[in-house]
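**Q**
2 protein chains.
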Amino acid sequence: MKLSGTASVILGMLRIKPMSGYEIKQAVDESTAFFWAASYGQIYPELRRLERAGLVQGEPAPRGARRRNLYTLTAEGHEVLEAWLGEPPAPPELRFEGLLKLFFLRADEREVAQRHLHTMKDQNVAALERLREIEPRARALPDGSQLLVLRAGITALEATEQWLEHAEDRLTKPPPQRKPR
Amino acid sequence: MKLSGTASVILGMLRIKPMSGYEIKQAVDESTAFFWAASYGQIYPELRRLERAGLVQGEPAPRGARRRNLYTLTAEGHEVLEAWLGEPPAPPELRFEGLLKLFFLRADEREVAQRHLHTMKDQNVAALERLREIEPRARALPDGSQLLVLRAGITALEATEQWLEHAEDRLTKPPPQRKPR
DNA sequence: GGTCACATGTAAAGTGTTACATGATTCC
DNA sequence: GGAATCATGTAACACTTTACATGTGACC
């Protein structure tokens, strides 16, 4: 039983507690989104596939007249999830357009590079703020591993921040002409 | 003119100098792969699309009896690439299965988590070694921005390394029972 | 009455990986 | 002769994003 990326987040989330598709999306957005995102377009179809495969079980749990399906892990779902959790993780993958542009920009396009660095800084600050906002909530959890993972994100973003500082210096000041006074 | 991710790496590489599909792949593997990868399955079809669109021009340049197509940026290709280089970069995306597993593992599955941390460490060390191996070559380049980007990768991996160390401590030693001596 | 959050879904298009297939050349 | 590297490509599949469509409930 091979799990798609989306399938594993879904099962993982459902092991914490039964949820609807909508709630899974919310949970992903405020926890794993930084290193593992998922959209509605993946979640809803995948939930159906998982139900057909017998790994989750859905049942209607409307709130008022608003329909809603609550999904629960089946015994088989637990097994499959735990098997997946036990397998060695694939190496991380990154897609970082800012670095790509910087890589291609030449010395005579320095201004463009500076603009991009600025954008990257904003994005980095925004991401850091989001994570730090979550931190107190994660700190309150009993398990600790969520907090650990959050710290990974914060560490990486802080390192990026430092690098951005360094990069800006490099691009602002033209390389010193080696003229010690 | 909207460029796919693969299209932009290809054009970017061809701006450095004309190359064959095979050479583009090699160049990607030893420079941008860390933050922007591409496979043959993308490169070859994309080169044809780009040629049909008039952004690159291919011509046969066999080496002996071994066939080979050299692609060059057209004037329009230059324009399109430069337009793309000027647009603000999209925020980075990460897919990190190791963190996902750690996130889902509970306190009673600590051994599995430790195994995964070990795997992640190996992967991290391997990646760092690859980058450090490239560094001297990048240092020799005239432009400097390649070296800058490489430093970004090294910085991020070093930060990850530190975090891995920290995470291992946390998982090995059970949380201190607050008993100051 | 309008906007926002709740809630579920589909369709199409685009992106990407993997495995396969083919053949030449170089090096041991 | 065999393995590794050079070189190009296709086909099948898996994965993802985006836009659209629909309707309820809460709050101002």
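Chains as they are written, first to last, in the working numbering: chain G, 688 to 868; chain B, 688 to 868.
The beta-carbon is built from N, C-alpha and C at its ideal position, and this holds for glycine as well.
#1: Our contact map puts GLU746(G) next to LEU737(G) with C-beta atoms below 8 Å; I'd like the distance itself, whole angstroms only.
#2: Return no unless some Cβ of chain G is closer than 8 Å to the Cβ of LYS860(B).
#3: Just the C-alpha distance for MET688(G) and GLU796(B), rounded to the nearest angstrom, thanks.
#4: For THR693(B), which residues in chain G fall below 9 Å Cβ to Cβ?
#5: Look at LEU781(G) and PHE722(B) and say whether their C-beta atoms are less than 8 Å apart.
#6: For chain G, check one thing: does any of its Cβ atoms lie closer than 8 Å to the Cβ of LEU760(B)?
#7: Report the neighbours of LYS788(B) on chain G: residues whose CB is nearer than 7 Å to its CB, in chain order.
#8: Short of 9 Å Cβ to Cβ, which residues in the segment 703-736 of chain B face chain G?
#9: Report the three-state DSSP secondary structure of ARG739(G) (helix, strand or coil).
#10: Report the three-state DSSP secondary structure of GLY751(B) (helix, strand or coil).
#11: Taking a contact to mean a Cβ-Cβ separation below 8 Å, would you say LEU783(G) touches SER832(B) in this structure?
#12: If you follow the beta strand (DSSP E) that LEU760(B) is in, where does it begin and where does it stop?
#13: Distance, Cα to Cα, LEU760(B) vs PRO732(B)?
#14: Pairing CB atoms from the segment 765-777 of chain G with CB atoms from the segment 767-781 of chain B, are three or more of them under 8 Å?
#15: Check each candidate in GLN801(B), ASP809(B), GLY773(B) and GLY751(B) and name the one with the smallest Cα separation from PRO779(G).
#16: What are the residues in the segment 801-822 of chain B lying within 8 Å of chain G by C-beta distance?
#17: Taking three-plus beta-carbon pairs below 8 Å as touching, is the segment 836-845 of chain G in contact with the segment 807-824 of chain G?
#18: When you compare only the Cα positions, how much space is there between LEU818(B) and ARG755(G)?
#19: What do you get for ALA917(G), buried or exposed, if any count of 16 or more other CB atoms within 10 angstroms of its CB means buried?
#20: I need the DSSP call for LYS824(G), collapsed to helix, strand or coil.
#21: How close, in whole Å, do the beta carbons of LEU858(G) and ALA800(G) come, if the pair is a contact with beta carbons under 8 Å?
#22: On the DSSP letters alone, give me the boundaries of the beta strand (DSSP E) that LEU781(B) sits inside.
#23: Could you tell me which chain G residues have their CB closer than 9 Å to the CB of ALA843(B), listed as they occur along the chain?
#24: Are the CB atoms of LEU834(B) and LEU815(B) within a distance shorter than 8 Å?
#25: Following the continuous alpha helix (DSSP H) through ARG857(B), name the residue where it begins and the one where it ends.
**A** Answer, in terms of the structure:
#1: Residue mapping note: residue 746(G) aligns to position 59 of the first sequence, counting from 1. Residue mapping note: residue 737(G) aligns to position 50 of the first sequence, counting from 1. Actually they do not touch by this definition, with Cβ atoms about 14 Å apart.
#2: Along the second sequence, one-based indexing puts residue 860(B) at 173. No - not a single Cβ of chain G is within 8 Å of the one on LYS860(B).
#3: In the first sequence, the residue the question calls residue 688(G) occupies position 1. In the second sequence, the residue the question calls residue 796(B) occupies position 109. Taking the straight line joining both Cα atoms gives about 21 Å.
#4: As a working note, residue 693(B) is residue 6 in the second sequence. In chain order: nothing, as chain G lies at least about 11 Å away.
#5: On the first sequence, position 94 is the one that residue 781(G) refers to. On the second sequence, position 35 is the one that residue 722(B) refers to. Yes. Within cutoff.
#6: For the purposes of this step, residue 760(B) is taken as residue 73 along the second sequence, with counting starting at 1. For LEU760(B), the answer is no, since every Cβ of chain G falls outside 8 Å of its Cβ.
#7: Residue mapping note: residue 788(B) aligns to position 101 of the second sequence, counting from 1. Correct list: LEU772 and PRO776.
#8: ILE703, SER718, THR719, PHE721, PHE722, TRP723 and ALA724
#9: Locating residue 739(G) in the first sequence gives position 52, where the first residue counts as 1. Note: ARG739(G) maps to helix in three-state DSSP.
#10: Taking the first residue of the second sequence as position 1, residue 751(B) is located at position 64. Note: GLY751(B) maps to coil in three-state DSSP.
#11: Here residue 783(G) corresponds to residue number 96 of the first sequence, with the count starting at 1. Here residue 832(B) corresponds to residue number 145 of the second sequence, with the count starting at 1. The question names Leu, but residue 783(G) in the sequence shown is Phe. Not in contact: PHE783(G) and SER832(B) (Cβ atoms no closer than 8 Å).
#12: Residue 760(B) sits at position 73 when you count from the first residue of the second sequence. Looking at the DSSP string, the run of the beta strand (DSSP E) that includes LEU760(B) is 756-760.
#13: Translated into the one-based positions of the second sequence, residue 760(B) becomes position 73. Translated into the one-based positions of the second sequence, residue 732(B) becomes position 45. One C-alpha to the other measures close to 16 Å.
#14: no
#15: Looking up residue 779(G) in the first sequence gives position 92. The option with the nearest alpha carbon to PRO779(G) is ASP809(B).
#16: ARG802, HIS803, THR806, MET807, GLN810 and ALA814
#17: yes
#18: Numbered from its first residue, the second sequence carries residue 818(B) at position 131. Numbered from its first residue, the first sequence carries residue 755(G) at position 68. Going by the C-alpha atoms only, they are around 49 Å apart.
#19: The structure shown does not extend to residue 917(G), since chain G is modelled only from 688 through 868, so no value can be given for it.
#20: For the purposes of this step, residue 824(G) is taken as the residue at position 137 of the first sequence. A quick correction: the sequence has Arg, not Lys, at residue 824(G). In this structure, ARG824(G) counts as helix in the three-state DSSP scheme.
#21: The sequence position of residue 858(G) within the first sequence is 171, counting from 1. The sequence position of residue 800(G) within the first sequence is 113, counting from 1. The Cβ separation is near 6 Å, so the contact holds.
#22: As a position in the second sequence, residue 781(B) is number 94, starting the count at 1. 780-782 is the span of the beta strand (DSSP E), which, as asked, contains LEU781(B).
#23: Stepping through the second sequence from its first residue, residue 843(B) is reached at position 156. Within 9 Å Cβ-Cβ: LEU781, ALA843, ALA846, THR847 and TRP850.
#24: Numbered from its first residue, the second sequence carries residue 815(B) at position 128. Numbered from its first residue, the second sequence carries residue 834(B) at position 147. Against a cut-off of 8 Å, the Cβ pair of LEU834(B) and LEU815(B) comes out as no contact.
#25: To locate residue 857(B), count along the second sequence from 1; it is residue 170. Residues 832-859.
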